[in-house]
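Residue numbers (the working numbering): 35 to 180.
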C-alpha cells in the first residue's frame, strides 16, 4: 500500500477564532506570529494553496512595544497620487493617530502578495482598545511569547 500526502480541501478546513492581547508585545515579533497563524503554518494540515489559517482578533493595539529608537526613526510612506505628495510619518505619529494600522501594515507585508494572501489578511481584525465586536464568535485567548 502506498502512502499519500493528504492536501487540505477548502471545504474541510476548520478555522477557529482567537483573541490576542498586544499589550507589551514587540511589534515585529507579534506581526510574524500573527502572519504565521493567518497562513495556517502552525497546523499539521497546512497546504500552501489553501487558506488553512485562523481568524485573529488583536486588542490593545495602542499598547504595543517597540525597541530602540524606532518611534522616531522608523518611517511610513504613502503616495496620494498627486505630484509631490509623498506623505511621511514616523512610527510614533502613526501609533498616536491610528495604532491598528501599524499592526495591519506589518502583518500585510509578511503575507503572500496574491489573492490568497489578501483573503488571509481579511481574517485579521485589529482594535486599539480592549473592546471588540466579535464576542459572538467566542474567540479563545491566544498567548505567545512575542
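Ideal Cβ placement from N, Cα and C applies to all residues, glycine included.
{"Check": "Would residue 176 and residue 54 be called neighbours here (beta carbons separated by less than 8 Å)?", "Outcome": "yes"}
{"Check": "I need the DSSP call for residue 158, collapsed to helix, strand or coil.", "Outcome": "strand"}
{"Check": "Out of 46, 82, 56 and 134, which one is the CA nearest neighbour of residue 148?", "Outcome": "82"}
{"Check": "Can the beta-carbon of residue 29 be found closer than 8 Å to that of residue 139?", "Outcome": "Only positions 35 to 180 of the chain appear in the structure, and residue 29 is not among them; the question remains open."}
{"Check": "Take the Cβ of residue 141 as the centre, count every other Cβ of all protein chains shown within 10 Å, and call the residue buried at 16 or more, exposed below.", "Outcome": "buried"}
{"Check": "With C-beta atoms as the reference, is residue 57 less than 8 Å away from residue 94?", "Outcome": "yes"}
{"Check": "What does the Cβ neighbour count give for residue 152, buried or exposed, with the cut at 16 atoms within 10 Å?", "Outcome": "exposed"}
{"Check": "If you compare alpha carbons, which of 106, 137 and 134 is closest to residue 122?", "Outcome": "106"}
{"Check": "Of all the options 125, 134, 68 and 145, which has the alpha carbon lying nearest to the alpha carbon of residue 96?", "Outcome": "134"}
{"Check": "Taking the beta strand (DSSP E) that residue 46 falls in, what are its first and last residues?", "Outcome": "Residue 46 -> no beta strand (DSSP E), and no H or E assigned at all."}
{"Check": "Helix, strand or coil for residue 54? Go by DSSP, reduced to three states.", "Outcome": "strand"}
{"Check": "Confirm, please, whether the CB-CB distance from residue 84 to residue 44 is below 8 Å.", "Outcome": "yes"}
{"Check": "The beta strand (DSSP E) that contains residue 176, what's its start and end?", "Outcome": "That residue, residue 176, is in no beta strand (DSSP E); it is neither H nor E in DSSP."}
{"Check": "Put residue 120 into one of helix, strand or coil per three-state DSSP.", "Outcome": "strand"}
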